[in-house]
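For the sequence shown, the residue numbers in the numbering used here are 39 to 219.
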Amino acid sequence: MAVTNGTAPSFNSEMMTVLKNSEVLSAITELLPADRPVADRLKEEISFLLKTANWSGETSVLAQSHFAAKHTSGPLRDVLQLPGNFVLLRNDDQYAILQYVEKRWTSLNRRGEIVSDNIDSQSEDLVDAVVMTLPPKSSAIGGFSSLVALWPELRAAWAEVGVASLFINFGQLLLPLFALL
């Protein structure tokens, strides 16, 4: 943890929700993509990050695992200028999670829900942080569950095709009758 101007990094708990290790992991689980292998790998890497005091070394492991992550200590405004959509802040055994949503930084609770969007992005508070880019949540669903998701659209299309087939088949049945006349 870097010390600047004789003060240790800390974060303003009035602006952000303070979390414990297990709460950070449960919040991150809600933010992860539907792609299970990627989500499991990222969750494992973040759990290692929470267990170690050396965030610099652990973020290099994250970078090798194809997750863009950078450890930094300094003013919150400088941290929030780094590229990424997710910030994990640390103050001893307390953590805070910030996520960039709709062009503003928000604080998340243990369920991954937004609880505050009044994060002062120009704050001079010194923080110890890891900034990363989380993979987007995928809307792609596999297997039979994809049919459940598509059913409303497919039902209308299948009804239209079914009615058209009924008219065609009815016409083909009437054709020999008119040929006999």
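Note that the Cβ used here is the ideal one computed from N, Cα and C, for glycine as well.
Residue of the options minimising C-alpha distance to residue i
i: D155; options: V168, K141 and L212; result: K141
i: D130; options: A65, S64, K81 and N92; result: N92
i: L164; options: V139, L118 and I84; result: L118
i: L172; options: G122, Q132, E83 and L204; result: G122
Neighbourhood of residue i by C-beta distance below 6 Å, restricted to the same chain and skipping five residues each side
i: V125; result: L136, A167 and V169
i: Q160; result: R115
i: G150; result: A65, E68 and L69
Buried versus exposed call for residue i [16 or more other C-beta atoms within 10 Å across all chains shown]
i: W143; result: buried
i: N59; result: exposed
i: K81; result: exposed
i: L70; result: buried
i: T55; result: buried
i: I157; result: buried
i: A194; result: exposed
Close beta carbons around residue i, own chain, < 7 Å, minus the five adjacent residues each side
i: R148; result: L57, E61, S64 and A65
Paired residues, beta bridge with residue i - DSSP
i: Q210; result: DSSP output for Q210 lists no bridge partner at all.
i: I135; result: L126 and L146
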